[in-house]
Amino acid sequence: MKPFLASLLESSLNSFQKLSSTHCSAIKHGYITDVYISNRVMDSYIKLGFLGQAHKVFDEMPHRDSVSWNTMISGHTSCGKLEKAWCLFTGMIRSGSDVDGYSFSRVLKGVACAKMFYLGEQVHSLVIKRGFESNVYVGSALVDMYAKCERVEDAFDAFQEISEVNSVSWNALIGGFVQVRDVETAFWLFGCMEMRDMDDGTFAPLLTLLDDPMLCNLLKEVHAKVLKLGLEKEITICNAMVSSYADCGSVSDAKRVFDGVGDSKDLITWNSMLAGFSKLEQKDFAFELFIEIQRTRVETDVYTYTSILSTCCGEEHQVLGQSLHCLVIKKGLEQVTSVSNSLISMYIQFPTCAMSDALSLFESLEAKDLVSWNSMLTGLSQKGPSEDAVKFFTYLRCSNLEVDDYAFSAVLRSCSDLATLQLGQQIHALATKSSFESNEFVASSLILMYSKCGVIENARKCFEKISSTDSTVAWNTMILGYAQHGSGQVSLSLFSQMCNQNVKLDHVTFTAVLTACSHSGLVQEGLKLLHSMEPVYKIKPRMEHYAAAVDLLGRAGLVKEAKELIESMPLSPDPMVLKTFLGACRACGEIEMATQVANHLLEVEPDDHFTYVWLSHVYSDVKKWEEKASVKKVMKERGVKKVPGWSWIEIRNEVCAFNAEDRSHPLCEEIYLMIEDLSKEMKWFETDNEFDDQASLLDVNHS
DNA sequence: GTAGGGTTAG
192 MKPFLASLLE
202 SSLNSFQKLS
212 STHCSAIKHG
222 YITDVYISNR
232 VMDSYIKLGF
242 LGQAHKVFDE
252 MPHRDSVSWN
262 TMISGHTSCG
272 KLEKAWCLFT
282 GMIRSGSDVD
292 GYSFSRVLKG
302 VACAKMFYLG
312 EQVHSLVIKR
322 GFESNVYVGS
332 ALVDMYAKCE
342 RVEDAFDAFQ
352 EISEVNSVSW
362 NALIGGFVQV
372 RDVETAFWLF
382 GCMEMRDMDD
392 GTFAPLLTLL
402 DDPMLCNLLK
412 EVHAKVLKLG
422 LEKEITICNA
432 MVSSYADCGS
442 VSDAKRVFDG
452 VGDSKDLITW
462 NSMLAGFSKL
472 EQKDFAFELF
482 IEIQRTRVET
492 DVYTYTSILS
502 TCCGEEHQVL
512 GQSLHCLVIK
522 KGLEQVTSVS
532 NSLISMYIQF
542 PTCAMSDALS
552 LFESLEAKDL
562 VSWNSMLTGL
572 SQKGPSEDAV
582 KFFTYLRCSN
592 LEVDDYAFSA
602 VLRSCSDLAT
612 LQLGQQIHAL
622 ATKSSFESNE
632 FVASSLILMY
642 SKCGVIENAR
652 KCFEKISSTD
662 STVAWNTMIL
672 GYAQHGSGQV
682 SLSLFSQMCN
692 QNVKLDHVTF
702 TAVLTACSHS
712 GLVQEGLKLL
722 HSMEPVYKIK
732 PRMEHYAAAV
742 DLLGRAGLVK
752 EAKELIESMP
762 LSPDPMVLKT
772 FLGACRACGE
782 IEMATQVANH
792 LLEVEPDDHF
802 TYVWLSHVYS
812 DVKKWEEKAS
822 VKKVMKERGV
832 KKVPGWSWIE
842 IRNEVCAFNA
852 EDRSHPLCEE
862 IYLMIEDLSK
872 EMKWFETDNE
882 FDDQASLLDV
892 NHS
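Heads up, my numbering is the position in the first sequence plus 191, with the first residue counted as 1.
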């Protein structure tokens, strides 16, 4: 009878009805009292996902053996119910049942998934007590538990206790080093492995470490090894490889691997390629692929939507983004935190008034996480008003979430924008307390904040405290800080240090050094840098670099050279370059040229108040009152209003804002008397710093 | 009847 029932149970694996009728017949024939039969019934219920039914059988069993306990333990661990699994495990010990290798490996799996390190240590001591540490199953489960808890040294110790390690033991150990992103050790261990032990479980996690263009050659070596071992058809390897090639910047290699998978693609293959296109700014390919996924009727998931939503940014994708939002609602994914976070950051990046859409999404999201908060905070710090970003930061601190490096970095950028030193210092103290002071992004924002507030020595201190010496963003910010402070030579010497220490340069580095040259009148140095960007540093000059160079020439009074530079540009100059040039014309008194450029700008950007105001200044300079009046008239006709430039000063935690000729302050008389005194004093100290007394267009800040 | 692996948002 036993074999009959066993085979019946086997055949009823995919049907609850068949299984319950078999169960009934087992009860009817009295076979359910048999431990073996009951264990099989329990196991089948669990496999069909009916844990409650299995538990009922377990509770009603007159006799239980180790298999009964182990089956129930793994039933609970595999669906994440560690607490219940742990109760069963301790119950098993109390009942005097024989705790064996199966029990340990299963309970350890649950502990690993829940990352309950302290429970894991307790199990480990029991493992030693009962002499199971050399058992490859138990040992590998221990390695995995320590690895998942990020205790790589303990994982290594447990690994060494295993008498005969196999590929699973190796993979679990390497997985630990992958998780803590210790590339060196992970690859060292990989080098120690025998070829025969390497399988898909070895390569897939290792590949996730290769996510930088600098590691592209290593990626190709690993790829070659995969081919050598004949593992190139393994889907997990292919999926990881698509992501790695994309992260290393090679979209063509990613696509080649993706195409090589043929019809065996699973959802992760599609999602990896989609994320790759999205990351590498191949937006059109991403949209095409998304449509192809729909066409092939592959069931999409959360990953598919987060990737495609992050592809939609900017004006051209606004309508598409909104349609995708509808699709998300239709699919019932709007309350999934990661999807909603993608929607929030998508709306924030849309150019037209999308902050309120983002905010209403944020407010209606039930399970907000740190990414949700930080997305909003970053949006507010980029689009303003900065005061709101600061308020939002205080709300975040009142929530039960821990403020992280993203949040600190964003709110400090708003402090820079507001130039509120005291508030910035308070947030600096908070960041230090939370150990984020040496984080490259937080430190860079601190550098920015102190530079903007004029305390360059504190900016330098923050720069010195950064843990990684190769942080491009930190170097860039420091260079820019000195540039704005008028210490161009210091900026240039930092730039050469950066080159000597092989810190990666990017386009921002050049904007910063060109600004430095511009503010310190280092014309030749600046031009040399601009012209060496592409041939020496392989970075193509962008519009902002030309604008900085035009500013450099303009401040030096070399308006003809500025004109020639614009004419020699490989790109046609954008309004920013032309506005900078307009400033140069005004400074050099080139009225005709200024009029020409301004007229062109008035055609391209008729709604921008900037050109009208500057052109009218140009005419005032040379007392051409009629022309000035006609500019004002056109401005009025077109309904363009001057946006006043505001300045502000922080006094005892309070920000006082004022603009030109402002007489609204109660202490106005005294303030103006003080300004008069200071002006007199300044005249005494007037130096030969001729390049810094002209307002730079690039520095103009409006609130 | 035991242990390991690939995709997302700030």
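Note that beta-carbon positions come from the ideal geometry of N, C-alpha and C, so glycine has one too.
Expressed to the nearest angstrom, what Euclidean distance is found between the alpha-carbon atoms of residue i and residue j?
i	j	result
Leu864	Val530	58 angstroms
Asp234	Met567	47 angstroms
Ala848	Cys304	54 angstroms
Gly748	Cys708	14 angstroms
Leu518	Lys559	21 angstroms
Thr668	Ile842	27 angstroms
Leu592	Ser635	23 angstroms
Cys340	His800	58 angstroms
Leu769	Tyr494	43 angstroms
Thr702	Ala739	7 angstroms
Ser658	Ala650	15 angstroms
Ala217	Asn230	12 angstroms
Tyr737	Met760	8 angstroms
Arg255	Ser296	19 angstroms
Gln617	Leu639	15 angstroms
Lys174	Val356	Absent from the structure is residue 174, since the part of the chain shown begins at 192 and ends at 894.
Ser723	Glu860	53 angstroms
Trp461	Ile484	7 angstroms
Gly292	Thr268	16 angstroms
Glu557	Thr663	37 angstroms
Ser887	Ala820	Below a pLDDT of 50, predicted positions are generally treated as unreliable, and Ser887, at 46, falls in that range; the measurement from the model is reported next regardless. Rounded to the nearest angstrom, the two C-alpha atoms are 25 angstroms apart.
Lys833	His808	13 angstroms
Ser625	Glu655	18 angstroms
Leu422	Asn532	37 angstroms
Ser325	Gln473	51 angstroms
Ala549	Leu534	8 angstroms
Does the beta carbon of residue i fall short of 7 angstroms from some heavy atom of the ligand ADP?
i	result
Met640	With respect to the ligand ADP, the structure shown offers nothing to examine, as it has no ligands at all.
Which same chain residues end up closer than 7 angstroms to residue i when comparing Cβ atoms and leaving out the 5 residues on each side of it in sequence?
i	result
Lys874	none
Leu571	Asp579, Ala580, Phe583
Ala477	Leu465, Phe468, Ser469, Ile499, Thr502
Met826	Tyr803
Ile782	Val809, Val813
Ala346	Val334, Tyr337, Ala338, Leu364, Gly367
Within 10 angstroms of its Cβ, does residue i collect 16 or more other Cβ (buried), or is it exposed?
i	result
Ala851	exposed
Asp289	exposed
Ser354	exposed
Phe159	An answer regarding residue 159 cannot be provided, because it is not within the stretch 192 to 894 covered by the chain.
Phe876	exposed
Ala601	buried
Pro732	buried
Phe692	First, the amino acid is wrong: residue 692 is Gln here, not Phe. Gln692 should be labelled exposed.
Leu210	buried
Ser642	buried
Ala674	buried
Please say whether residue j and residue i have beta carbons closer to each other than 8 angstroms?
i	j	result
Cys504	Leu511	no
Leu705	Met734	no
Phe241	Phe207	yes
Val298	Phe323	no
Cys644	Leu683	no
Asp661	Val714	no
His414	Met432	yes
Phe468	Leu480	yes
Ala338	Gly311	no
Trp839	Ala620	no
Pro253	Thr224	yes
CB-CB under 8 angstroms to residue i, same chain, minus the five flanking residues each way: which ones, in chain order?
i	result
Met546	Tyr538, Ile539, Gly570, Leu571, Lys574
Leu398	Leu410, Val413, Ile428, Ala431, Met432, Ser434, Ser435
Glu881	For Glu881, the pLDDT reaches just 47, beneath the cut-off of 50, and the residue's location in the model is therefore unreliable, although a value from the coordinates is still provided. Result list for Glu881: Gly712, in chain order.
His856	Cys847, Phe849, Ile862
Under 6 angstroms Cβ to Cβ from residue i, same chain only, skipping five residues before and after it: list those, please.
i	result
Asp765	Met734
Leu614	Cys606
Met263	Phe249, Leu279
Leu793	Thr802
Glu818	Tyr810
Measure the beta-carbon distance from residue i to residue j and round it to whole angstroms, keeping in mind my assumption that it falls under 8 angstroms.
i	j	result
Trp666	Leu637	Trp666 to Leu637, Cβ: 14 angstroms. No contact.
Ser806	Val822	Rather than Ser, the amino acid found at residue 806 in this sequence is Leu. So it is a contact: roughly 5 angstroms between Cβ atoms.
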